[in-house]
Amino acid sequence: MVRKLKYHEQKLLRRLDLVNWEASGGNLAEVRALRRYRVGRREDYVQYKVLARAVRALARRLRDLGPASAAFRARCAAALLEKLHGLGLVNSRQSLAVCESLSAAAFCRRRLPCLLVKLRMAQNLRHAVTFVEQGHVRVGPEVVTDPALLVPRAVEDFITWVDASRLRQKVLDYNQERDDFDLAA
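Heads up, the sequence shown is in the numbering used here, so the first residue is 1 and it goes up one at a time.
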């Protein structure tokens, strides 16, 4: 016997999800990470947590292999560490201990806006996200407008401004490196 909701009650409850209220609220650590790394979509962060958990589980399973499969364990551990190092998620290729402490924050640190701040192309993450969304940044030959792009180590050197970007022109003017040919164009 539930009464019908009044108009103002319906309006207040319009955005509330009563079925999945635990999952939609999130916890405090997750909210902090979303704010710290300026992750726009919560689903991206959840996917990063799932990937980090899978890597940790794989590292644990490799560690727990018996002595009979030592060659297989060494080969798989080296391949896993090489892959994670190439993606920029771990700093060293020494042992599986670094894989067991992998977190979702490592994935967040490899996002394009975080690398823009690291490369000093933006002062803070808010500006970096804006630059990416407005199309001022390219990775290699392609203009990127998605701030959720994970940049591997091999491509990190190819992050530049778009040629027609006003920001690029301002940076070149400031550094007095703008070409006379660019002034005519």
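For each residue, glycine too, the CB sits at the ideal point set by N, CA and C.
Integer Cβ distance of P152 from E133, believed to fall under 8 Å: Actually they are not in contact, since the Cβ atoms of P152 and E133 sit about 21 Å apart, beyond 8 Å.
As assigned by DSSP and simplified to three states, the class of E156: helix
CA-to-CA distance, K83 to N124, given in whole angstroms: 29 Å
Cβ of A164 within 8 Å of any chain C Cβ: The structure shown contains no chain C; it holds only a single protein chain.
7 Å Cβ shell around K34 - same chain, five flanking residues per side excluded: Before going on, a small fix: residue 34 reads as Leu here, not Lys. Correct list, in chain order: R42, Y45.
Element boundaries [beta strand (DSSP E), containing R138]: 137-139
Enclosing alpha helix (DSSP H) for Y174 [first to last residue]: 166-174
Cα-Cα separation, A74 to G40: 38 Å
Inter-residue Cα distance where the pair is A78 and L65: 15 Å
Nearest candidate by alpha-carbon position, reference Q47, set S92, A104, V2: A104
Status (buried if at least 16 other CB within 10 Å, exposed otherwise) for H136: buried
Any 3 or more C-beta pairs closer than 8 Å across the stretch 87-102 and the stretch 1-16: no
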